[in-house]
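Asks: Numbering (this note's numbering), first residue to last: 4 to 492. The C-beta atom is built at its ideal place from N, Cα and C for all residues, glycine as well. Take a look at the following structure, please.
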Ligand code: G6P
């Protein structure tokens, strides 16, 4: 791929007098995340590449497809060094990871220390010094890749918990950069964060940014409180001050709730072939009156066990009947070598087997369980087929599946059951909000959703659609980047 000197999305707002000592192969705008939007690890349906899993990529890919910037990240395979390349009109800069680093930095520190710690310790976080050492080393590699491709004064947007040390590493090497950070997952309350043996270093890493973005105002204030408690940062509320070279530098922590490419999902939902596919799915399940749907990475934060328990009890109580109601559970494979994920898979698959063994008939199934990931077209067909969408996360930074379901329901039908513990609950207020720990409440919400009068369902869905049609992911990124430009002035 030939690299180019490219402009940031906000170039016209920038200071045109700043020196431009940029090498000609550098970018004015870079996103850096652990994962690139494409992944090598799968069967590879698009020239050996498939779309990476998770909300981060869902949100950022539509932005980067329209941007001239570069995306720096790991390409999903171990021990493979690749040159920068172009994919779906995105400039991608791969960062290599060895098999050892995958184990220590990715599976270990990122997903067995930070992930459970930041999600209410639903699973017990593990603390190992060798993992922390690998985390520092790999964060430095990502920072170095950015430094090598960033033009003078470039805007760099660091993403998520895997790269929390990168902002300070960038600032140390390249004080000319404008550095933003966005945390896609929750930031825990100080009392929980305090468990992390390297809490000060992580906070100092983040404080290297000019602007720190979080999903909810609470996440931003949790961060600010922890920073004041465990580092030398001072300041009030979410405006922090750090000393740097004898001068005070301001760091802002604010909420920027992320969203989806609403227009794209909505358009797909009007495509005749996708509408036909939704009909086919319903037909293949024996045309039940009600299809319920869960779509999650197979992750213990998503409350899949709680959802299955509620459904199993409803079947046992006779409040729902097989043949009338079918639950489709898409559980896309995730972090399969991490112990807690292996245990979860065994438990979920055991439960599904038990439910189906007890309640299935020759013609009908209770739970159609699919341990796969699907292209967006198939996801939209599933959203269209589903009368009730179940989002029962025990803790979730945002949950973009909830927003995608709403985006797909153009005709205003359908009911969304949504956990209060998702960031999305702040925006999708007309959903049937539930506490997933309250199984009796969840069961009632399911029966309410199944019998919701169409007028009520329609009013709720239309209000939610209005919200996400306005507040889409393009708005999210432009608000964040304008704010970053503003705070850097
Ligand atoms: C969440 C995280 C992302 C992550 C994604 C998929 O959405 O916020 O940073 O990329 O899950 O997880 P994985 O470990 O497969 O990258």
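Measuring CB to CB, does residue 250 end up less than 8 Å from residue 241?
Replies: For the purposes of this step, residue 250 is taken as the residue at position 247 of the chain shown. For the purposes of this step, residue 241 is taken as the residue at position 238 of the chain shown. Not closer than 8 Å, so no.
Asks: Leaving out five residues on either side along the sequence, give the residues of the same chain with a beta carbon under 6 Å from the beta carbon of residue 141.
Replies: On the chain shown, position 138 is the one that residue 141 refers to. Contacts found: 104 and 108.
Asks: Let me check understanding here. Comparing Cα to Cα, which of 289, 187, 343 and 369 lies closest to residue 425?
Replies: The residue labelled residue 425 in the question sits at position 422 within the chain shown. Minimum Cα distance to residue 425 is reached at 187.
Asks: Under the three-state reduction of DSSP, which class applies to residue 154: helix, strand or coil?
Replies: Start at 1 with the first residue of the chain shown, and residue 154 comes out as number 151. Note: residue 154 maps to strand in three-state DSSP.
Asks: Using a 10 Å radius around the Cβ and a threshold of 16 neighbouring Cβ atoms, would you call residue 215 buried or exposed?
Replies: Residue numbering aside, residue 215 sits at position 212 when the chain shown is read from its first letter. By the neighbour-count rule (16 or more Cβ atoms within 10 Å), residue 215 is buried.
Asks: In the DSSP assignment, what residue or residues form a beta bridge with residue 246?
Replies: The residue you call residue 246 lines up with position 243 of the chain shown. In the DSSP output, where bridge partners are listed per residue, residue 246 has 251.
Asks: Thinking C-alpha only, which one of 397, 428 and 389 is nearest residue 406?
Replies: Translated into the one-based positions of the chain shown, residue 406 becomes position 403. Nearest option by C-alpha distance: 428.
Asks: Assign residue 386 to one of three DSSP states: helix, strand, or coil.
Replies: Here residue 386 corresponds to residue number 383 of the chain shown, with the count starting at 1. Residue 386: helix per DSSP, three-state reduction.
Asks: In chain order, what residues of the same chain lie with their CB nearer than 7 Å to the CB of residue 278, ignoring the 5 residues before and after it?
Replies: To locate residue 278, count along the chain shown from 1; it is residue 275. These residues qualify, in order along the chain: 387.
Asks: Consider the C-beta atom of residue 114 and the heavy atoms of the ligand G6P; say whether any pair is separated by less than 7 Å.
Replies: For the purposes of this step, residue 114 is identified with residue 111 of the chain shown, where counting begins at 1. Result yes, Cβ under 7 Å from the ligand G6P.
Asks: Of all the options 64, 382 and 28, which has the alpha carbon lying nearest to the alpha carbon of residue 38?
Replies: On the chain shown, position 35 is the one that residue 38 refers to. That would be 64, whose Cα lies nearest to the Cα of residue 38.
Asks: Relative to the ligand G6P, is the shortest distance from any of its heavy atoms to the C-beta of residue 216 smaller than 7 Å?
Replies: For the purposes of this step, residue 216 is identified with residue 213 of the chain shown, where counting begins at 1. No, Cβ of residue 216 sits at least 7 Å from all heavy atoms of the ligand G6P.
Asks: Could you check what DSSP says for residue 266 in three-state terms: helix, strand or coil?
Replies: In the chain shown, residue 266 corresponds to position 263, counting from 1. Note: residue 266 maps to helix in three-state DSSP.
Asks: To the nearest angstrom, how far is the alpha carbon of residue 488 from that of residue 231?
Replies: As a first step, residue 488 must be located in the chain shown, where it is residue number 485. As a first step, residue 231 must be located in the chain shown, where it is residue number 228. Using only the alpha carbons, I get a separation of about 25 Å.
Asks: In the segment 359-383, which residue ranges form an unbroken beta strand (DSSP E) of at least 3 residues, counting only runs that do not cross its ends?
Replies: Counting only runs of 3 or more, we get 370-373.
Asks: Taking just the CA atoms, how far does residue 167 sit from residue 4?
Replies: For the purposes of this step, residue 4 is taken as residue 1 along the chain shown, with counting starting at 1. For the purposes of this step, residue 167 is taken as residue 164 along the chain shown, with counting starting at 1. Below a pLDDT of 50, predicted positions are generally treated as unreliable, and residue 4, at 28, falls in that range; the measurement from the model is reported next regardless. Cα to Cα, the separation comes out at about 29 Å.
Asks: I need the DSSP call for residue 492, collapsed to helix, strand or coil.
Replies: As a working mapping, residue 492 is identified with position 489 in the chain shown. Residue 492 falls in the coil class under three-state DSSP.
Asks: Expressed to the nearest angstrom, what Euclidean distance is found between the alpha-carbon atoms of residue 413 and residue 101?
Replies: By one-based count along the chain shown, residue 413 stands at place 410. By one-based count along the chain shown, residue 101 stands at place 98. In a straight line, the C-alpha of residue 413 is about 45 Å away from that of residue 101.
Asks: Determine the direct distance from the alpha carbon of residue 300 to that of residue 315, and round the result to whole angstroms.
Replies: For the purposes of this step, residue 315 is identified with residue 312 of the chain shown, where counting begins at 1. For the purposes of this step, residue 300 is identified with residue 297 of the chain shown, where counting begins at 1. The straight-line gap from Cα to Cα measures roughly 21 Å.
Asks: Exposed or buried, residue 116, counting other C-beta atoms within 10 Å across all chains shown (16 or more means buried)?
Replies: Looking up residue 116 in the chain shown gives position 113. Classification for residue 116: buried.
Asks: Going along the chain, which residues of its own chain have a beta-carbon closer than 8 Å to the beta-carbon of residue 326, five neighbours each way excluded?
Replies: Walking along the chain shown from the start, residue 326 turns up at place 323. For residue 326, where only same-chain residues beyond five positions count, the Cβ hits under 8 Å are 289, 291, 364, 366 and 367.
Asks: Tell me whether residue 432 is buried or exposed, calling it buried when 16 or more other Cβ atoms sit within 10 Å of its Cβ.
Replies: By 1-based counting over the chain shown, the position of residue 432 is 429. Under this definition residue 432 is an exposed residue.
Asks: Can you check which of these residues, 173, 58 and 41, is closest to residue 50 by C-alpha distance?
Replies: One-based indexing of the chain shown puts residue 50 at position 47. Of 173, 58 and 41, the residue nearest in Cα terms is 41.
Asks: Which stretch, first to last residue, makes up the alpha helix (DSSP H) that contains residue 283?
Replies: Here the question's residue 283 lines up with position 280 in the chain shown. 275-287 is the span of the alpha helix (DSSP H), which, as asked, contains residue 283.
Asks: May I ask you to report which of helix, strand or coil DSSP gives residue 60?
Replies: The residue given as residue 60 occupies position 57 in the chain shown. Helix at residue 60.
Asks: How is residue 67 classed by DSSP in three states: helix, strand or coil?
Replies: Position 64 of the chain shown, counting from 1, holds the residue named residue 67. In this structure, residue 67 counts as helix in the three-state DSSP scheme.
Asks: Measuring only from the beta carbon, is residue 338 closer than 7 Å to any heavy atom that is part of the ligand G6P?
Replies: As a first step, residue 338 must be located in the chain shown, where it is residue number 335. Checking every heavy atom of the ligand G6P against the Cβ of residue 338, one is found closer than 7 Å.
Asks: Residues bridged to residue 89 by DSSP?
Replies: In the chain shown, residue 89 corresponds to position 86, counting from 1. According to DSSP, residue 89 bridges with 94.
Asks: Relative to the alpha-carbon of residue 209, which residue among 200, 221 and 162 has its alpha-carbon at the smallest distance?
Replies: Here the question's residue 209 lines up with position 206 in the chain shown. That would be 162, whose Cα lies nearest to the Cα of residue 209.
Asks: Given 7 Å as the limit, tell me if residue 78 has its C-beta closer than that to any heavy atom belonging to the ligand G6P.
Replies: As a first step, residue 78 must be located in the chain shown, where it is residue number 75. Outside the cutoff, so no.
Asks: Is residue 163 near the ligand G6P, judged by its Cβ being under 7 Å from some heavy atom?
Replies: Indexing the chain shown from 1 puts residue 163 at position 160. Yes, the Cβ of residue 163 comes within 7 Å of a heavy atom of the ligand G6P.
Asks: Starting from the N-terminal side, write out each stretch of the alpha helix (DSSP H) that is 4 residues or longer and does not extend beyond the segment 190-243.
Replies: You should have 193-196, 202-209 and 220-233.
Asks: Which residues in the same chain as residue 344 place their Cβ atom closer than 6 Å to its Cβ, once the five residues preceding and following it in sequence are excluded?
Replies: Position 341 of the chain shown holds residue 344. Cβ within range, chain order: 338.
Asks: For the ligand G6P, is there any heavy atom lying closer than 7 Å to the beta carbon of residue 142?
Replies: Along the chain shown, one-based indexing puts residue 142 at 139. Flag unset: Cβ of residue 142 not near the ligand G6P.
Asks: What is the DSSP secondary structure of residue 25, counted as helix, strand or coil?
Replies: One-based indexing of the chain shown puts residue 25 at position 22. A caution first: residue 25 carries a pLDDT of 44, below 50, which makes its placement in the model unreliable, though a value can still be read off. Three-state result, residue 25: coil.
Asks: Quick one: does the C-beta of residue 59 sit closer than 7 Å to a heavy atom of the ligand G6P?
Replies: Within the chain shown, the letter at position 56 stands for residue 59. The answer is yes for residue 59.
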